[in-house]
Each structure stands twice: as structure tokens, then as C-alpha cells.
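**Student:** Sequences listed follow chains X and H, in order.
Residue numbering for the first sequence follows my numbering, beginning at 1 and increasing consecutively.
Residue numbering for the second sequence follows my numbering, beginning at 1001 and increasing consecutively.
Heads up, the beta-carbon is just placed ideally off N, CA and C, and yes, glycines get one too.
Only a predicted model underlies this, so the values are computations on that prediction, with no experimental measurement involved.
Below is the structure I would like to discuss, written out as C-alpha cells.
There are 2 protein chains.
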Amino acid sequence: MRTLFHMRTDPACRFIRLVLAEKGLPAQQVEKAIWNDEDGALIAANPSGEIPVLVDEPPTGGQISIAPAIPIAEYLEDAYSTTVLMPSTSAARAEARRLCAWMLGKFEREVSQNIVAEKIDKRMMRRGQPDYELLKVGIEALDWHLDYFSWLFDQRTWIAGETMTLADFSAAAYLSSLDYVDAVPWEKYASVKDWYAKIKSRPSFRPILNDRVDGLPPPAHYNDLDF
Amino acid sequence: MRTLFHMRTDPACRFIRLVLAEKGLPAQQVEKAIWNDEDGALIAANPSGEIPVLVDEPPTGGQISIAPAIPIAEYLEDAYSTTVLMPSTSAARAEARRLCAWMLGKFEREVSQNIVAEKIDKRMMRRGQPDYELLKVGIEALDWHLDYFSWLFDQRTWIAGETMTLADFSAAAYLSSLDYVDAVPWEKYASVKDWYAKIKSRPSFRPILNDRVDGLPPPAHYNDLDF
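What follows is the structure, given as C-alpha cells:
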């Protein structure tokens, strides 16, 4: 059985859950915080100790472990092409990859590490209150990123061009984790909100909208499709 | 004309220089430190402000800017397939991608940021001496990574399997920058050294072995092919 090691509020893990769901690929989902691998299952599947990790049983036989998120998404695109989430030209594929890397790299470091990690992970690790200086840095960076996304949507239907790609799912995954802690100023960024509403309405998004963290309820609009 | 914005000692940039050379693709190489973009050329090519950035003129016309390193490497593999640097099966491609991501992610954070950034970048930025605590952390992490690579080479000819892939060039690029500051304990890791000697002898490596940083000469063995 295909297995995904993940954490429900981790944006990179959500990206892979969305891609699996879009492609109709069932996976046993094992919740695994990187700071709590007492049974050693995570390190056995991925020597880097990071999530997400996909353990797949490819049609060619055997078992392979793939990490982190971008290699998993590329693998799923390579191996399961019934649903295609990458454009056909090399230039358009490059743009989708640039934006996936943007989300998993720059956005992760500048925004998610300062907001999602502070507000959710710290709580789950019982490490006390969020650091308000880091939150402030993250909120300012988020504004800059949303401004950039708005500029992209002025020229395009989807984030990387005229077709829906892996980049849309990576961006939506990151925004969904921020939305869980009510950190996204949707009203300021109408074109980003319109795009997010489209992605959020897809059946692949439903499990993510049903995620809950003990003692930390999401805002009322979080799983409202007409937010 | 194809243009690469890079820094000569930056491992991710070296990775792309190697891939361009392996594929026989000429590029105008513009040296650009991310902390010194006074003419705005870097931010114009890449809104994330990171290097490497490749500005290509694809056969389909126009101009595209691609960043960071992994999307550039994937693009070059997609668009210029006369020299193939990825295996043919999805499982083998996934393993090559896992190891590229390992180098550009985990190895970059745990080793290069603590050694290359401290010893070279700080000097170029005139920010004083390296922080010896960070160097120590980097050196310990490097030992762990080299141990892992040795374990891989016990089972394989190349780092990701039986063929030479993008993963070999990413790993060799990272080790070459560390070797420039004489940080690699080659004698402790014979199988890693044997593999590096093979890669180092390729014509694509020559420009990298000729790189010099003012006032910071490499060790004698750095550009010796029989080190």
C-alpha cells in the first residue's frame, strides 16, 4: 500500500495530499511530526528525517521512498500521468517549477516559518507562545508575496499561466495553512481570493478543509466555499 | 544570448554551470552577489533575488527567466535532451531528484551555510572572521553526510544508481565549493573520493577548478586531477 508520512497542517504535506487526490491515488496517511519519531518509522523511510515522505510501490515492482515535496510531486507526475498537472512546453513547465520552488523555498522561509511554525507547530510541541517579532516579520513578508501573486494574476488565469499546474496546488496548500490561523488578508487581494476560491472548491481540497488541530479551531470562513 | 547570473563559489550556481557545460550550452556568465545588486539586473531577472538565475531564449521564441537551481536543471533536461542526465524510469528519476533536493536543501542548510558561507561569502562581504561555532556545526554535519554518501556508494556506481545523473553534478558542485576551502576529509571516505575524482576529470569541471577568490587561494590538491 502507498504510504504518505505527513503532518496535517504542514503546507508542503498538504501540497502532496492535494496532488494525490487530484490524481485519484489512494494513500495510507500516517501522521508524523518530525520532532516525534519515537518508533523510527520516519527515519527508516527517509534518512533526511523530513516530511512529507511518500513510500510508493511502483508498477515496476519493489518499494521506493521519495522526499521532499517537489521530488514527490514530480514523481507522481512522471509515474501517474492520467491526470496531467504540468504544461506541455519546456518554458511553461519551467515557470510552473519556478513557482513551486518559490512556495517551498522562499515563501516557506519568509512566511510559513514565521507564522505557521510559530502559531501551530509551537503549540503542538508545547513550546509556549508564538514569538511576536517573528509573526510580524511573517505578516509583512506575506503582504509582499500576495502583492506579487496579484501581479501574476493580472496577467494569467492560473498562477503559472493559462493552465492549472502543480504550482497552483503548492501555492494553495501554503495559503490554506495560513488561512487555518486566519492570517490571510483576503479582502486586500481580490484576484488571489478569486483564484483560491476556485481551487478550494475542488473535491481534492475537502480533506484539507476538514483538518482540525486540538484546541485551535480555524476561523469560520476556513471551510466555507463562499468565503 | 543565454545568460546565467551566478557567483563563482556558490555551490548551487556551480551545479548549473556543470549542467550547461555537460550539455554543451554556451551562456554569458554574469557574476552577481545577491548582496550587491546595485544595477537591479538580478531582481529584474528574478523577483526572488536569488541566484542562480538562467535567462534563456527558448527555441519557441521569447525569453524566460528560471530560478532557482533545481527548476533550471529540470528545464535544461527538458529543453536540451541531446545529452541526457536523468534516468529513464520514474523510480530512478525520483531517486535522482531526491538526492538533488538533499544537496540543495539539507546539505546546503546543514553544511554549506555553515562552512562555505562563513569562510567565503563573509570574506567577500567584508563581514569579518568566520564564526567558529558555526564552522564546527558544519564540519560535524559534513562528516555525517559523507558517511551517508559512502553508504550509497557501497551499493551504487553513481550517487543515485547505475547511471550518472543530475544528482552527481549537484553533489560534486557542493563538494567542490567545500574543497576550495579544504574542508573535505577525503582520506576518510575513499569511495566518495573515487567518485569525485571521476567527476572532477570531466571537461565540464575545468572552469570550476580554475575559479579563484581574491586573497583566498585553494589548497594545492584543489585542481589536481590525481589528488
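List the DSSP bridge partners of X:HIS221.
**Tutor:** Taking the first residue of the first sequence as position 1, residue 221 of chain X is located at position 221. Note: X:HIS221 sits in no beta bridge, so no partner.
**Student:** What does DSSP give as the partner residue(s) for X:PHE5 in the beta ladder?
**Tutor:** Here residue 5 of chain X refers to the residue found at position 5 when the first sequence is read from its first residue. DSSP output for X:PHE5 lists X:VAL30, X:VAL53 as bridge partner(s).
**Student:** Closer than 8 Å between beta carbons: that is the criterion. Which residues of the segment 1104-1130 of chain H meet it against chain X?
**Tutor:** GLY1105, LYS1106
**Student:** Would DSSP call H:LEU1216 helix, strand or coil?
**Tutor:** In the second sequence, the residue the question calls residue 1216 of chain H occupies position 216. H:LEU1216: strand per DSSP, three-state reduction.
**Student:** For H:ALA1171 and X:VAL30, what's the separation of their Cα atoms in angstroms?
**Tutor:** Taking the first residue of the second sequence as position 1, residue 1171 of chain H is located at position 171. Taking the first residue of the first sequence as position 1, residue 30 of chain X is located at position 30. Computed Cα separation, rounded: 31 Å.
**Student:** Excluding five sequence neighbours on each side, which residues of the same chain lie with their C-beta closer than 6 Å to the C-beta of H:ARG1093?
**Tutor:** Taking the second sequence and counting its residues from 1, the one referred to as residue 1093 of chain H is at position 93. Hits under 6 Å: MET1086, PRO1087.
**Student:** Give the single residue among H:GLU1108, H:ASP1224, H:PRO1059 whose Cα lies nearest to the Cα of H:ILE1199.
**Tutor:** Taking the first residue of the second sequence as position 1, residue 1199 of chain H is located at position 199. The residue with the shortest Cα to Cα distance from H:ILE1199 is H:ASP1224.
**Student:** Would you mind reading off the limits of the beta strand (DSSP E) that contains X:ILE66?
**Tutor:** Taking the first residue of the first sequence as position 1, residue 66 of chain X is located at position 66. That run of the beta strand (DSSP E) goes 64-66.
**Student:** How far does the alpha helix (DSSP H) with X:TYR196 in it reach, from first residue to last?
**Tutor:** By 1-based counting over the first sequence, the position of residue 196 of chain X is 196. It spans 190-200 - the alpha helix (DSSP H) in which X:TYR196 sits, taken as one unbroken run.
**Student:** Would you call the CB atoms of X:ILE120 and X:LEU178 closer than 8 Å?
**Tutor:** For this step, residue 120 of chain X is matched to residue 120 along the first sequence. For this step, residue 178 of chain X is matched to residue 178 along the first sequence. Their beta carbons are not under 8 Å apart, which means X:ILE120 does not touch X:LEU178 by this criterion.
**Student:** Could you check what DSSP says for X:TRP151 in three-state terms: helix, strand or coil?
**Tutor:** Locating residue 151 of chain X in the first sequence gives position 151, counting from the first residue. When secondary structure is reduced to three states using DSSP, X:TRP151 falls in the helix class.
**Student:** Roughly how many angstroms separate the alpha carbons of X:PRO59 and X:PHE169, rounded to a whole number?
**Tutor:** Within the first sequence, the letter at position 59 stands for residue 59 of chain X. Within the first sequence, the letter at position 169 stands for residue 169 of chain X. Answer to the nearest angstrom: the Cα atoms are 25 Å apart.
**Student:** Can you find at least 3 beta carbon pairs, one from the segment 1066-1073 of chain H and one from the segment 1090-1106 of chain H, that sit closer than 8 Å?
**Tutor:** yes
**Student:** Rounded to whole angstroms, what is the Cα-Cα separation between X:GLY40 and H:GLY1040?
**Tutor:** As a working mapping, residue 40 of chain X is identified with position 40 in the first sequence. As a working mapping, residue 1040 of chain H is identified with position 40 in the second sequence. Straight-line Cα distance between these residues: approximately 48 Å.
**Student:** With a threshold of 7 Å on Cβ separation, who are the neighbours of X:GLY161 within its own chain once the five nearest residues in sequence on each side are excluded?
**Tutor:** Numbered from 1 along the first sequence, position 161 holds the residue referred to as residue 161 of chain X. Excluding sequence neighbours, X:GLY161 sits near PRO87, ALA92, GLU95.
**Student:** Mind checking which residues open and close the alpha helix (DSSP H) that includes X:ASN114?
**Tutor:** Looking up residue 114 of chain X in the first sequence gives position 114. Start and end: 113-116.
**Student:** Taking C-alpha atoms, which residue in X:ARG126, X:VAL53, X:LEU25 lies nearest to X:ASP214?
**Tutor:** Working through the first sequence from its first residue, we reach residue 214 of chain X at position 214. Measuring from the Cα of X:ASP214, the nearest candidate turns out to be X:ARG126.
**Student:** Can you check DSSP and say which residues form a bridge with H:TRP1158?
**Tutor:** Indexing the second sequence from 1 puts residue 1158 of chain H at position 158. Note: H:TRP1158 sits in a beta bridge opposite H:GLY1161.
**Student:** The alpha helix (DSSP H) with X:ALA167 in it runs from where to where?
**Tutor:** The residue you call residue 167 of chain X lines up with position 167 of the first sequence. Membership of X:ALA167 in the alpha helix (DSSP H) is indicated by the continuous run 166-180.
**Student:** Please specify which runs of the alpha helix (DSSP H), each continuous and at least 4 residues long, are wholly inside the segment 99-139 of chain X, giving them in chain order.
**Tutor:** 113-116
**Student:** With 8 Å as the threshold, decide whether the Cβ of H:ARG1156 is near any Cβ in chain X.
**Tutor:** Taking the first residue of the second sequence as position 1, residue 1156 of chain H is located at position 156. Not closer than 8 Å to any Cβ of chain X, the Cβ of H:ARG1156 fails to qualify, so no.
**Student:** Is X:THR165 close to chain H? Criterion is C-beta to C-beta, closer than 8 Å.
**Tutor:** Residue numbering aside, residue 165 of chain X sits at position 165 when the first sequence is read from its first letter. No, its Cβ sits nowhere closer than 8 Å to a Cβ of chain H.
**Student:** Taking X:ASP10 as the reference, which of X:SER204, X:GLY62, X:MET124 has the closest Cα?
**Tutor:** Counting from 1 along the first sequence, the entry for residue 10 of chain X is found at position 10. It is X:MET124.
**Student:** Which chain H residues sit within Cβ distance under 7 Å of X:SER90?
**Tutor:** Within the first sequence, residue 90 of chain X is the residue found at index 90, counting from 1. The contacting residues are PRO1058, TYR1075, ASP1078, ALA1079.
**Student:** Find the nearest neighbour of H:GLU1140 within the set H:ILE1159, H:VAL1111, H:THR1163, judged by alpha-carbon distance.
**Tutor:** Residue mapping note: residue 1140 of chain H aligns to position 140 of the second sequence, counting from 1. Of the candidates H:ILE1159, H:VAL1111, H:THR1163, the one whose C-alpha sits nearest the C-alpha of H:GLU1140 is H:VAL1111.
**Student:** Closer than 8 Å by beta-carbon distance: list the chain X residues that pair up with H:TYR1148, in chain order.
**Tutor:** Taking the first residue of the second sequence as 1, we reach residue 1148 of chain H at position 148. Per Cβ cutoff of 8 Å: PRO47.
**Student:** Output, in chain order, the set of chain X residues within a Cβ distance shorter than 8 Å of H:PRO1071.
**Tutor:** In the second sequence, residue 1071 of chain H corresponds to position 71, counting from 1. Those within 8 Å of H:PRO1071 in chain X are ALA94, ARG97, ARG98, CYS100, ALA101.
**Student:** My assumption, with CB atoms under 8 Å, is that H:VAL1192 sits in contact with H:PHE1227. Please give the rounded CB distance.
**Tutor:** Counting from one through the second sequence, the residue named residue 1192 of chain H turns up at place 192. Counting from one through the second sequence, the residue named residue 1227 of chain H turns up at place 227. Rounded, the Cβ-Cβ distance is 13 Å, inconsistent with contact.
**Student:** What residues in its chain sit with their C-beta under 7 Å from that of X:HIS145, if we drop five residues either side in the sequence?
**Tutor:** Translated into the one-based positions of the first sequence, residue 145 of chain X becomes position 145. Answer for X:HIS145: PHE107, VAL111, listed in chain order.
**Student:** Would you say the segment 183-197 of chain X touches the segment 20-36 of chain X, given that touching needs at least three Cβ pairs under 8 Å?
**Tutor:** no
**Student:** Taking C-beta pairs closer than 7 Å, name the residues in chain X that H:PRO1052 reaches, listed in chain order.
**Tutor:** Here residue 1052 of chain H refers to the residue found at position 52 of the second sequence. Near H:PRO1052 there are no residues of chain X at all, since even the closest Cβ is about 12 Å away, more than 7 Å.
**Student:** What does X:ALA67 touch in chain H if you count any residue whose Cβ is under 9 Å from its own?
**Tutor:** As a working note, residue 67 of chain X is residue 67 in the first sequence. Proximity of chain H to X:ALA67 at the Cβ level (cut-off 9 Å) is accounted for by ARG1098, ALA1101, TRP1102, in chain order.
**Student:** At the level of alpha carbons, what is the spacing between H:PRO1026 and H:THR1003?
**Tutor:** Indexing the second sequence from 1 puts residue 1026 of chain H at position 26. Indexing the second sequence from 1 puts residue 1003 of chain H at position 3. So the alpha carbons of these two residues sit roughly 9 Å apart.
**Student:** Over the uninterrupted alpha helix (DSSP H) stretch that includes H:LEU1085, give me the two end residues.
**Tutor:** Locating residue 1085 of chain H in the second sequence gives position 85, where the first residue counts as 1. First-last for H:LEU1085: undefined, no H or E at that position.
**Student:** For X:ILE16, would you say it is in contact with chain H, using Cβ-to-Cβ distances shorter than 8 Å as the test?
**Tutor:** For the purposes of this step, residue 16 of chain X is taken as the residue at position 16 of the first sequence. So, not an interface residue.
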